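Chemist: Protein chains in written order, with our numbering: chain A, -17 to 334; chain B, 197 to 452. Glycine included, each C-beta is placed from N, C-alpha and C at the ideal position. For clarity, every value in this text was computed on a predicted model and none was experimentally measured. A single structure is presented below for examination.
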Amino acid sequence: MNWAKLPTQLHWHYSRWAVILAMLLALPWLITILPFFGANNYTYSQLNLWLILGIVCLGLNLLTGATGQISLGHAALFAVGAYIGGYFVARQEWPSWAALLMAALGTGIIGLILGLPALRLSGPYLAVATFGFSVAVPQLLSRSKELANLFSGTNDVASRIGVFKVAKQNLPGFQAEEDLGRYFMFVLIFVIMLLLAFNLTKSRTGRAFFAIRESETAAQAMGLSLGYYKLLAFVISAAFTGVAGSMYAFQVGQLDANSITFSPMESVLFLTAIILGGLGSVWGAVLGAALITLLPPTITALNDLIKLNFGSSIENFESIFYGVLIISCIYFMPFGVTGALHRLKLRFVYGE
Amino acid sequence: MSEFQLEIEGLSISFGGLQAVSDFSMGIRKGEIVGLIGPNGAGKTTVFNCISRFYQPNAGHILFEGRELTKEPAHKIIHYGIARTFQNVELFKNLTVMDNLLIGQHHRMSENFLVGLLALPPKRKAEKRAREEAREVLRFLNLEQVSESIAQSLPFGVQKMVEMARALVSQPKLLLLDEPAAGSNPHETSKLAALIKRIRDEFGTSVLLVEHDMSLVMELCQRLYVMDFGKKIAEGEPTEIQRNPAVIEAYLGKDN
Chain A
-17 MNWAKLPTQL HWHYSRWAVI LAMLLALPWL ITILPFFGAN NYTYSQLNLW
33 LILGIVCLGL NLLTGATGQI SLGHAALFAV GAYIGGYFVA RQEWPSWAAL
83 LMAALGTGII GLILGLPALR LSGPYLAVAT FGFSVAVPQL LSRSKELANL
133 FSGTNDVASR IGVFKVAKQN LPGFQAEEDL GRYFMFVLIF VIMLLLAFNL
183 TKSRTGRAFF AIRESETAAQ AMGLSLGYYK LLAFVISAAF TGVAGSMYAF
233 QVGQLDANSI TFSPMESVLF LTAIILGGLG SVWGAVLGAA LITLLPPTIT
283 ALNDLIKLNF GSSIENFESI FYGVLIISCI YFMPFGVTGA LHRLKLRFVY
333 GE
Chain B
197 MSEFQLEIEG LSISFGGLQA VSDFSMGIRK GEIVGLIGPN GAGKTTVFNC
247 ISRFYQPNAG HILFEGRELT KEPAHKIIHY GIARTFQNVE LFKNLTVMDN
297 LLIGQHHRMS ENFLVGLLAL PPKRKAEKRA REEAREVLRF LNLEQVSESI
347 AQSLPFGVQK MVEMARALVS QPKLLLLDEP AAGSNPHETS KLAALIKRIR
397 DEFGTSVLLV EHDMSLVMEL CQRLYVMDFG KKIAEGEPTE IQRNPAVIEA
447 YLGKDN
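Quick look at the structure:
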């Protein structure tokens, strides 16, 4: 695969961070320009889901984009993060920031286990091994009596049908249901995670990740322990995903291990997002997440259109759509949207 | 303590039924430029790969400054002061030349991932120093103008020099060069010989090179080891080697 022209390191000044922050803060109002998005809770919840998915993508990108290790286990990590975050706010009544840190830590440790196969496997074999994790974790969460007891309250009706009730979390001064308040809370977390991801890719550790993607032989000759850095990439990636998972728990307020959000297919969705956005690029992850958040309503609308014109809708249309999307993206824009934009810029600005 | 900085004793390795290297011994003194030559498939690169720990020998010892290397993992070798280049150029192709050289200093930098994540002051200081050192090496090799180029966009000859720069920036005590002159014309080869001598003099590194180009080897090396079919068939100064009947036979075949 040709990775040339792929922006691996962007140099940003602090002033630009202020601009980014300002834009993120203004987004709930800016987005109402678009059709479908009014100044209501639905719009804000979509924005929140975008930020959550964005952090997953930042994490997955550090692993798959930077280090070149494919993971289809991130839906499981997302679930782990959600359950840990949920556990600490609902059962231990910790403040949300502390629960979030515990989710990062706990999911990071689980990520170490997920990363163990990477010491022996790579490419599609690693993808299959990690996919198994995606299948196993929701089963474990929904069937284990011990875990159910751990998460359910004493007189909790919901837990009897496998749903874990979590108190929705919000900024102080906002009602639990107000998604706009939660948006500001999430923007804060998002910007911190974005900064961390940027710092990491520009550090000694980030360079080690890229080196392993580029040539394991040369990386070893340069003194990098492959095992250490592959596992570290899994741990950091998992910690990011754990943060996103617990944000999800704070957002929706109830967790069901059997829901589509924690299903193995969600792992494929995460991977689609970073491929679509641009592998190895921090902005690609953010953009990919935005596209994936906007896609499901679009796909449903498309399928409705098909039903209207041809009499019946297509079964599994969403899966087919993502499959076609990944294939055509790899074929036509191997570096995702950010890569394509970068090439356009090279062509028109520098005339290359 | 032996007179040699790097000492190989009775090295043997086989792949399946093929005995790639058998009972091979050699030594390099500090500051020496030594050549390892022989026809294709003689086992020269295999010896290199044993030193840099990509292959595990079946028998024998590799001692570097008295330390047994055969028990060490591949990524430790550069810590002890041995850096190498590769026959087919193993750069980090889609990264810039500067990034390649920064990765070359990885083992000399110590800040961990938390310092990197949080961009703490030690990181910025270490980064600045590393970039400065990389620039110095690039200047030494006349590569300053390509420092921000993507490695794979450069011509093959330049890529080989970048690989040399990446090895040098690790501040090695011993430099292993695998066919540095491959693909160069005679003019470039003689420039390369001068450069390798300058590297030895200015950086104080010993050099072991595997090479096919006889003119380079004869001009550059103080001593030579000759291999054929995995065995050492001769050792000595270049002028002796040139007259050695076993060497002539290995290269040109037997006169019937």
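(1) Against Arg280(B), what residues of chain A qualify as contacts under a CB-to-CB distance less than 7 Å, listed in chain order?
(2) Taking the straight line between their C-alpha atoms, what separation do you get for Trp265(A) and Gly223(B)?
(3) Mind listing the chain A neighbours of Phe220(B)? Cutoff is C-beta to C-beta under 7 Å, in chain order.
(4) Could you confirm whether any beta carbon from chain B is found closer than 7 Å to the beta carbon of Ser219(A)?
(5) Report the rounded CA-to-CA distance for Leu334(B) versus Leu42(A), giving the unit in angstroms.
(6) Go ahead and pull the three-state DSSP assignment for Gly256(B).
(7) Ordered along the chain, which non-local residues of its own chain (more than five positions away) have a Cβ less than 8 Å from that of Val173(A)?
(8) Please name the residues in the segment 179 to 203 of chain A whose beta-carbon is closer than 7 Å to at least one beta-carbon of chain B, in chain order.
(9) Helix, strand or coil for Gly318(A)? Go by DSSP, reduced to three states.
(10) When Cβ atoms are compared, which residues of the segment 290 to 302 of chain B fall closer than 9 Å to chain A?
(11) Determine, using beta carbons only, whether His271(B) comes closer than 7 Å to chain A.
(12) For Gly449(B), name the three-state secondary structure that DSSP assigns.
(13) DSSP three-state label for Ala430(B), please.
(14) Please classify Met(-17)(A): does DSSP put it in a helix, a strand, or coil?
(15) So does the segment 353 to 364 of chain B actually touch the segment 295 to 310 of chain B, counting three or more Cβ pairs closer than 8 Å?
(16) Check the Cβ-Cβ distances between Val403(B) and every residue of chain A, and say whether any is below 7 Å.
(17) Taking contact to mean at least 3 C-beta pairs separated by less than 8 Å, is the segment 418 to 427 of chain B in contact with the segment 233 to 246 of chain B?
(18) Would Val119(A) pass as a contact of Ala81(A) if the rule is Cβ separation under 7 Å?
(19) Starting from the beta carbon of Leu206(A), find every residue of chain B whose beta carbon is closer than 7 Å, and list them in chain order.
(20) Please name the residue, chosen from Ala347(B), Gly379(B), Lys393(B), Ser386(B), that lies closest to Glu286(B) on a Cα-to-Cα basis.
(21) Alpha carbon to alpha carbon, how far is Lys150(A) from Asn131(A)? Give it in angstroms, no decimals.
(22) With a threshold of 8 Å on Cβ separation, who are the neighbours of Ala(-14)(A) within its own chain once the five nearest residues in sequence on each side are excluded?
(23) Along chain B, which residues have their Cβ under 9 Å away from the Cβ of Leu214(A)?
(24) Among Val413(B), Ser402(B), Ser210(B), which one has its Cα closest to the Cα of Leu509(B)?
(25) Mind checking whether Leu258(A) and Gly305(A) have CB atoms under 7 Å apart?
(26) Whose Cβ in chain A lies nearer than 9 Å to the Cβ of Gly277(B)?
(27) Three or more C-beta pairs closer than 8 Å, one from the segment 157 to 177 of chain A and one from the segment 23 to 34 of chain A: is that the case here?
(28) Along chain A, which residues have their Cβ under 9 Å away from the Cβ of Met305(B)?
(29) Can you list the residues of chain A that Phe244(B) reaches, using a CB-CB cut of under 8 Å?
(30) Whole angstroms are fine: how far does the CA of Ser208(B) sit from the CA of Gly262(B)?
(31) Could you check which residue in Ala330(B), Pro317(B), Phe282(B) has the C-alpha nearest to that of Arg466(B)?
(32) Give the secondary structure of Gly231(B) by DSSP, where H, G and I count as helix, E and B as strand, and everything else as coil.
(33) For a quick check, are the C-beta atoms of Ile274(B) and Ile204(B) less than 7 Å apart?
(34) Can you tell me whether Gly213(B) is helix, strand or coil according to DSSP?
(35) List in chain order: all unbroken alpha helix (DSSP H) runs of 4+ residues lying wholly within the segment 209 to 265 of chain A.
(36) Taking only the alpha-carbon atoms, compute the straight-line gap between Gln283(B) and Ala378(B) and give it to the nearest angstrom.
Modeler: Concretely, from the data shown:
(1) If you number the second sequence from 1, residue 280(B) lands on position 84. Ala203, listed in chain order.
(2) The residue you call residue 265(A) lines up with position 283 of the first sequence. The residue you call residue 223(B) lines up with position 27 of the second sequence. Distance between the alpha carbons of Trp265(A) and Gly223(B): 52 Å.
(3) For the purposes of this step, residue 220(B) is taken as residue 24 along the second sequence, with counting starting at 1. Here the premise fails: no neighbours, minimum Cβ distance about 21 Å.
(4) Taking the first residue of the first sequence as 1, we reach residue 219(A) at position 237. No, because no Cβ of chain B sits closer than 7 Å to the Cβ of Ser219(A).
(5) Here residue 334(B) refers to the residue found at position 138 of the second sequence. Here residue 42(A) refers to the residue found at position 60 of the first sequence. Spanning the two alpha carbons is a distance of roughly 34 Å.
(6) Here residue 256(B) is taken as the residue at index 60 of the second sequence, counted from 1. In the displayed model, Gly256(B) falls within a strand according to three-state DSSP.
(7) The residue given as residue 173(A) occupies position 191 in the first sequence. Here the set comprises Trp(-1), Ile2, Leu3, Leu6.
(8) Hits within the stretch, in order: Asn181, Leu182, Ser185, Arg186, Thr187, Gly188, Arg189, Ala190, Phe192, Ala193, Glu196, Ser197, Thr199, Ala200, Gln202, Ala203.
(9) The residue you call residue 318(A) lines up with position 336 of the first sequence. Of the three classes helix, strand and coil, the one that applies to Gly318(A) here is helix, per DSSP.
(10) Those would be Asn290, Leu291, Thr292, Asp295, Asn296, Leu298, Ile299, Gly300, Gln301, His302, in chain order.
(11) Counted from its first residue, the second sequence places residue 271(B) at position 75. Taking Cβ atoms only, chain A reaches closer than 7 Å to His271(B), which makes this a yes.
(12) If you number the second sequence from 1, residue 449(B) lands on position 253. DSSP places Gly449(B) in coil when its eight states are reduced to three.
(13) In the second sequence, residue 430(B) corresponds to position 234, counting from 1. Ala430(B): strand per DSSP, three-state reduction.
(14) Position 1 of the first sequence, counted from the first residue, corresponds to residue -17(A). Confidence is the limiting factor: at Met(-17)(A) the pLDDT is only 38, short of 50, which leaves the residue's position unreliable, though a coordinate-based value still follows. Residue state, collapsed to three classes: coil.
(15) Yes, they touch.
(16) Reading the second sequence from its first residue, position 207 is the one you call residue 403(B). No, Val403(B) lies away from the interface with chain A (no Cβ there is under 7 Å from its Cβ).
(17) yes
(18) As a working note, residue 119(A) is residue 137 in the first sequence. As a working note, residue 81(A) is residue 99 in the first sequence. Not in contact: Val119(A) and Ala81(A) (Cβ atoms no closer than 7 Å).
(19) As a working note, residue 206(A) is residue 224 in the first sequence. Within 7 Å Cβ-Cβ: His271, His302.
(20) Indexing the second sequence from 1 puts residue 286(B) at position 90. Comparing Cα-Cα distances from Glu286(B) to each of Ala347(B), Gly379(B), Lys393(B), Ser386(B), the minimum goes to Ala347(B).
(21) The residue given as residue 131(A) occupies position 149 in the first sequence. The residue given as residue 150(A) occupies position 168 in the first sequence. Going from the Cα of Asn131(A) to the Cα of Lys150(A) covers about 21 Å.
(22) For this step, residue -14(A) is matched to residue 4 along the first sequence. The predicted position of Ala(-14)(A) is uncertain, since its pLDDT is 42 and thus under 50; a value taken from the coordinates is nonetheless stated next. Leaving aside the five residues that flank Ala(-14)(A) on each side, none in its chain has a CB nearer than 8 Å to its CB.
(23) As a first step, residue 214(A) is located in the first sequence; it is residue number 232 there, counting from the start. In chain order: Phe309.
(24) In the structure as shown, chain B starts at 197 and stops at 452, and residue 509(B) therefore has no counterpart that could be examined.
(25) Here the question's residue 258(A) lines up with position 276 in the first sequence. Here the question's residue 305(A) lines up with position 323 in the first sequence. Not a contact, by the Cβ cut-off of 7 Å.
(26) In the second sequence, the residue the question calls residue 277(B) occupies position 81. None at all; the shortest Cβ gap to chain A is about 11 Å.
(27) yes
(28) Taking the second sequence and counting its residues from 1, the one referred to as residue 305(B) is at position 109. Within 9 Å Cβ-Cβ: Arg186.
(29) Working through the second sequence from its first residue, we reach residue 244(B) at position 48. Within chain A, no residue comes near Phe244(B); the closest Cβ sits about 11 Å away, beyond 8 Å.
(30) Taking the first residue of the second sequence as 1, we reach residue 262(B) at position 66. Taking the first residue of the second sequence as 1, we reach residue 208(B) at position 12. Across the structure, Gly262(B) and Ser208(B) are spaced so that their CA atoms are roughly 20 Å apart.
(31) Because chain B is modelled from 197 through 452, residue 466(B) falls outside the range shown and cannot be assessed.
(32) As a first step, residue 231(B) is located in the second sequence; it is residue number 35 there, counting from the start. Here Gly231(B) sits in strand by DSSP.
(33) Here the question's residue 274(B) lines up with position 78 in the second sequence. Here the question's residue 204(B) lines up with position 8 in the second sequence. Not closer than 7 Å, so no.
(34) Residue mapping note: residue 213(B) aligns to position 17 of the second sequence, counting from 1. In the structure shown, Gly213(B) sits in coil (DSSP, three-state: anything other than H, G, I, E or B).
(35) 246 to 259
(36) Working through the second sequence from its first residue, we reach residue 283(B) at position 87. Working through the second sequence from its first residue, we reach residue 378(B) at position 182. Rounded to the nearest angstrom, the two C-alpha atoms are 8 Å apart.
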